[in-house]
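Reviewing the structure listed below.
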Amino acid sequence: MRVYLLLMLVAAAVTFLTTPFARWVALKTSAISAVRARDVHLVPTPRLGGLAMLIGIVVSVLLASQMPFLSGVFEDRQAWGIVGGAAIVCGLGWADDKWDLDWVTKLAGQVLAAGFMALQGVQLITLPIGGLTITSSRTSLVITVLAVVVAMNAVNFVDGLDGLAAGIVAIGGAAFFLYTYGLTTQATPDDYASLASLMLAALVGVCVGFLPYNFFPARIFMGDAGSMLIGLVMAGAAIAVTGNVQPDVMTGAEALPAFIPLLLPVAVLMLPLLDMGLAVIRRLAAGKSPMAPDRMHLHHRMLALGHSHRRAVVILYVWTAVFAFSAAALVQWDWEIVLIWTTVFVVLALLATLGPLRNRGRFLDDDVALSGQTPKVPAVVGAGAPAAGVVAQSVTPESVAAKTKERVE
Numbered sequence: 040m041r042v043y044l045l046l047m048l049v050a051a052a053v054t055f056l057t058t059p060f061a062r063w064v065a066l067k068t069s070a071i072s073a074v075r076a077r078d079v080h081l082v083p084t085p086r087l088g089g090l091a092m093l094i095g096i097v098v099s100v101l102l103a104s105q106m107p108f109l110s111g112v113f114e115d116r117q118a119w120g121i122v123g124g125a126a127i128v129c130g131l132g133w134a135d136d137k138w139d140l141d142w143v144t145k146l147a148g149q150v151l152a153a154g155f156m157a158l159q160g161v162q163l164i165t166l167p168i169g170g171l172t173i174t175s176s177r178t179s180l181v182i183t184v185l186a187v188v189v190a191m192n193a194v195n196f197v198d199g200l201d202g203l204a205a206g207i208v209a210i211g212g213a214a215f216f217l218y219t220y221g222l223t224t225q226a227t228p229d230d231y232a233s234l235a236s237l238m239l240a241a242l243v244g245v246c247v248g249f250l251p252y253n254f255f256p257a258r259i260f261m262g263d264a265g266s267m268l269i270g271l272v273m274a275g276a277a278i279a280v281t282g283n284v285q286p287d288v289m290t291g292a293e294a295l296p297a298f299i300p301l302l303l304p305v306a307v308l309m310l311p312l313l314d315m316g317l318a319v320i321r322r323l324a325a326g327k328s329p330m331a332p333d334r335m336h337l338h339h340r341m342l343a344l345g346h347s348h349r350r351a352v353v354i355l356y357v358w359t360a361v362f363a364f365s366a367a368a369l370v371q372w373d374w375e376i377v378l379i380w381t382t383v384f385v386v387l388a389l390l391a392t393l394g395p396l397r398n399r400g401r402f403l404d405d406d407v408a409l410s411g412q413t414p415k416v417p418a419v420v421g422a423g424a425p426a427a428g429v430v431a432q433s434v435t436p437e438s439v440a441a442k443t444k445e446r447v448e
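Under my numbering, the sequence shown has 74 at position 35, and the numbering climbs by one with no breaks.
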């Protein structure tokens with residue numbers, strides 16, 4: 040456990056220290072998020088935080104490769120396959136953050152990254168359902184690529200509030216890490232080394248290291264370079280652990296943990312997957328493209344309920360923790376006990392979500408909920424909102440970058 044915690048700390052520290060550099064690169068390359076009608080931020084903001092997150096993952100994996108404890112993890116190419124796939128989607132996200140690529144180009148790049156990772160051995164081959172094995176290599180490749188692309192887009196869809204995606208993945212990744220570590224200690228008591236635990240430790244670390252810059256009010260966004268990166272790493276860790284523990288090593292009630300590799304990734308990404316599914320259904324029902332943007336995501340609905348920006352994010356954190364830790368708890372406790380406690384926390388989360396909290400004190404109230412109006416955009420990154428009645432200047436990423444070179448911290 041100490042080795043994984045060390046790697047998590049290294050990933051967090053490297054990400055924290057390199058995020059100002061990523062912000063500088065974003066300004067130099069005009070990778071800036073202008074304010075659009077569907078956005079909730081009020082000023083153009085650099086959005087290349089994924090670069091710092093990639094550096095954090097690379098450094099932590101390089102360090103892990105030099106540790107005798109984890110030497111078995113690097114006997115094949117899977118770890119480097121995940122890192123390589125992460126680098127590909129980070130570059131793709133960088134291009135999208137700068138040039139706003141069309142969805143077909145983005146999808147092609149996502150398939151390329153997922154395919155690269157799969158060809159390095161990170162594939163769904165066995166499933167813990169009666170020892171099911173995917174016998175066709177082509178079928179295995181297609182299913183793996185599909186799962187990775189869905190995970191990347193799910194995280195990308197939910198990345199709509201300051202600190203939301205990073206916090207959700209950090210919380211879910213922590214629950215997933217505890218599960219993979221616990222399952223490894225049960226399955227191989229003499230060897231605790233695990234590719235999934237390694238990648239999840241690095242993933243949690245980079246998310247925690249990035250959050251101080253990204254929590255409201257954000258100084259930098261992770262952008263598509265970050266959201267797709269953490270989605271791919273999460274999917275890679277889930278695929279690495281799925282099928283590594285066969286159901287026949289456990290019997291009776293103890294067999295339940297062997298099925299959790301199918302349940303836990305869904306539980307960790309429950310909110311992103313739900314948000315993406317509802318968005319696709321909503322847009323298709325309206326006769327629009329499933330990739331067409333709108334202001335009906337879960338975070339928009341939270342703001343419409345009257346929650347402040349920070350409180351909406353914290354409540355969505357709570358929902359993520361309920362789903363993820365409930366699934367992970369099945370490794371240690373009977374399902375009846377887990378069900379009881381999950382029900383209790385679901386009720387508490389519902390009260391926090393739907394209760395008339397806006398008029399009960401000012402805890403985490405930091406801004407006004409969305410009124411449905413398009414915000415006016417200040418002309419300079421980092422500048423305050425314009426005074427009432429003042430029409431903002433027209434802003435382009437190039438003009439913002441030119442005007443803010445001297446404002447980089």
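Just so you know, even glycine gets a beta-carbon here, dropped at the ideal spot from N, CA and C.
Item, Value
"Taking the straight line between their C-alpha atoms, what separation do you get for Leu312 and Phe362?", "12 angstroms"
"My understanding is that Ala50 touches Gly95, with C-beta atoms under 8 angstroms, so please give their C-beta distance in whole angstroms.", "4 angstroms"
"May I ask which residues mark the beginning and end of the alpha helix (DSSP H) holding Lys67?", "Arg41 to Lys67"
"So the alpha helix (DSSP H) Gly95 belongs to, where does it begin and stop?", "Gly88 to Ser104"
"Please tell me whether Ile210 and Tyr356 are closer than 8 angstroms, where the distance is taken between their beta carbons.", "yes"
"When we look at the beta-carbon of Ile376 and count the other beta-carbons within 10 Å, is it buried (16 or more) or exposed?", "exposed"
"What number of angstroms, rounded off, separates the C-alpha of Thr54 from the C-alpha of Trp63?", "14 angstroms"
"Around the C-beta of Phe260, are 16 or more other C-beta atoms found within 10 angstroms, so that it is buried, or is it exposed?", "buried"
"What is the DSSP secondary structure of Ile71, counted as helix, strand or coil?", "strand"
"Between which two residues does the alpha helix (DSSP H) carrying Phe155 extend?", "Trp142 to Leu158"
"Tell whether a beta-carbon distance below 8 angstroms holds between Leu244 and Ser99.", "One point to set straight first is that residue 244 is Gly, not Leu, in the sequence displayed. Against a cut-off of 8 angstroms, the Cβ pair of Ser99 and Gly244 comes out as a contact."
"Do you know how far the Cα of Gly212 is from the Cα of Thr359?", "10 angstroms"
"Taking the alpha carbon of Ala118 as the point to measure from, which residue in Leu66, Ile278 and Leu222 has its own alpha carbon closest?", "Ile278"
"Would Met92 and Phe249 qualify as a contact pair, given that the criterion is a beta-carbon distance under 8 angstroms?", "yes"
"Does the beta-carbon of Gly148 have 16 or more other beta-carbons within 10 angstroms, so that it is buried, or is it exposed?", "buried"
"For Ala186, which of helix, strand or coil comes out of DSSP?", "helix"
"Is it buried or exposed, Lys67, if we count other Cβ atoms within 10 angstroms and call 16 or more buried?", "exposed"
"Hey, how far is the Cα of Gly411 from the Cα of Thr382?", "Because Gly411 sits at a pLDDT of 40, beneath the cut-off of 50, its placement in the model cannot be relied upon, and the following sentence gives the value as read from the coordinates. Rounded to whole angstroms, Gly411 to Thr382 spans 34 angstroms at the Cα level."
"Is the Cβ-Cβ distance between Val97 and Val128 less than 8 angstroms?", "no"
"Can you check the segment 210-270 for any alpha helix (DSSP H) of at least 4 residues that lies completely inside it and give the ranges in chain order?", "234-253"
"Which residue's Cα is closest to the Cα of Ala240: Asn253, Leu217 and Thr281?", "Leu217"
"Using only CA atoms, which one of Val143, Val272, Asn253 and Met273 lies nearest to Arg86?", "Asn253"
"Return the Cβ separation of Leu268 and Ala125 in integer angstroms, given the expectation that the two are a contact with Cβ distance under 8 angstroms.", "5 angstroms"
"Just how far apart, CA to CA, sit Leu140 and Ala367?", "37 angstroms"
"Would you mind working out which of Asn192, Gly132, Asp263 and Leu203 sits nearest Ser257, comparing C-alpha positions?", "According to the sequence provided, residue 257 is Ala. The question's Ser does not apply to it. Looking at the Cα atoms, Leu203 is the closest of the given residues."
"What residue range does the alpha helix (DSSP H) around Thr281 cover?", "That residue, Thr281, is in no alpha helix (DSSP H); it is neither H nor E in DSSP."
"Got a sec? Which residues, its chain only, sit under 6 angstroms from Gly265 by beta carbon, not counting five neighbours each side?", "Gly88, Gly89 and Met92"
"Just verifying my parser: in three-state terms, what is the DSSP assignment at Gly326?", "coil"
"For Gly206, which of helix, strand or coil comes out of DSSP?", "helix"
"Excluding the 5 residues flanking Leu308 on each side, which residues of the same chain have their C-beta closer than 6 angstroms to its C-beta?", "Ala193"
"Is it true that the CB of Val184 sits closer than 8 angstroms to the CB of Ala157?", "yes"
"By DSSP, does Trp372 sit in helix, in strand, or in coil?", "coil"
"Which term fits Phe255, buried or exposed, when burial requires 16 or more other beta carbons within 10 angstroms of its beta carbon?", "buried"
"What would DSSP say about Gly199, mapped onto helix, strand or coil?", "coil"
"For the alpha helix (DSSP H) that contains Leu131, what are its first and last residues?", "Gln117 to Trp138"
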